[in-house]
Each structure stands twice: as structure tokens, then as C-alpha cells.
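Take a look at the structure below.
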Amino acid sequence: MPRDVRGKYEVLQWLAWQVANLGPVAGQLNHFANYAADKIPYAIDRFTNEMNRLLGVLERRLTDRPYLAGEYSIADMATWSWVFPEYQGRKVLADFPHVARWWDTIASRPAVQKGRAVGEELRRGATTLDDEARRVLFGQTAASVTKAESERGTRTTS
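In this text, residue positions in the sequence shown follow the numbering used here: the first is 57, and each later residue adds one.
Here you go:
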């Protein structure tokens, strides 16, 4: 984290942007395109278009700088993981050369490569979701969580 106030502000601003915009949109796109039992074209198109718009925001920001807020920071770390250079066979970053350069620069960092290797290892055993897995993952409500907690005698904090 930068020591100067302006630098800290920029890092926090981009971190907040990721948490409020890119993360939720990329998550919804991934859900509707890859996990939803029913493929809803409107939802997929809506989040694909919004993801494209957000990549445009990143493109403009990265036009004249190597990272989002000066030096490599938590803002880049948090944002990078939601940007996919290729998605469902499409070269997503073809229209965003500055984002592609930024993505490749971060991907070449040794610690990032080690982290990605762990992720690949975890995904090797992944299978497609059946109806029961979808129900558990995507069917939770406040009432169902409370019921499960009382049955287990536990309480979650999140």
C-alpha cells in the first residue's frame, strides 16, 4: 500500500471499483453462462455487455500506466483474477490491448504462477454440477441457512 495519501486513495478507489463492479458482474456472467441449469440468453447477453463496458474502463485507465494505481498493488491483485483473456473460446481482450498487456504482466509474476498452479490442481477433480449440487450452492435463503445452522448446532458469521 502506498504511504502517501493520494496513492492510498487511488488503490482504495480501484479496490472499491472492483468489489462494486467487476467482481459482481464477472460472477453473474460466470453463473449464468456456466452454472445455471437454464441458459437465459438475456442474462448472458446483459452480463457479457456489462463486462465489456467494464473492460473499457480498465482499458482507459491502463492506457498510460502499467498498473491501476501506480505500483503493483492489492487493487491489481483483486481485479486481475476477474479478468479472463479468453472466455468460451472468444479472445475477450482482443479489443483491449492495454488490459491484455496488464493481464500478461501480472500473469508472468512468479507468485501469480504458483497460485494459478494451485487453482488448476484444485479444478482437476471438479465435475459438472448435478441438480443436488445446484440446489445446495444456489438455493440458499436466509431461512434455509438458519435451519441448517440450528440442525448442526452452529452459527455462521457471514
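Even for Gly, the Cβ is constructed at its ideal location relative to N, Cα and C.
All values reported here derive from a predicted model rather than from experimental measurement.
Item	Value
The region 57-76 / the region 122-141 touching (three or more Cβ pairs under 8 Å)	yes
Backbone CA spacing between residue 86 and residue 112 [nearest angstrom]	19 Å
Per DSSP, the bridge partner or partners of residue 146	143
Segment contact flag, the region 99-109 with the region 162-176, C-beta cutoff 8 Å, min 3 pairs	no
Boundaries of the alpha helix (DSSP H) in which residue 203 is found, first to last residue	198-208
Pairwise C-alpha distance: residue 211 and residue 205	5 Å
Buried versus exposed, by CB contacts within 10 Å (16 or more), residue 169	exposed
Own chain partners of residue 156 with C-beta closer than 6 Å, once the 5 adjacent residues on each side are dropped	149
CB contact check: residue 127 to chain D, cutoff 7 Å	The structure shown contains no chain D; it holds only a single protein chain.
Residue 159 and residue 139 closer than 7 Å at C-beta	yes
Beta-carbon spacing of residue 190, residue 93 below 7 Å	yes
Distance between beta carbons of residue 202 and residue 154, contact taken as under 8 Å	About 47 Å separates the two Cβ atoms, so there is no contact after all.
Buried/exposed call for residue 74, threshold 16 Cβ in 10 Å	buried
Identity of the residue in 176, 143, 185 nearest residue 82 by Cα	143
Residue from 172, 187, 186 with nearest C-alpha to residue 180	172
DSSP three-state assignment for residue 195, whether helix, strand or coil	coil
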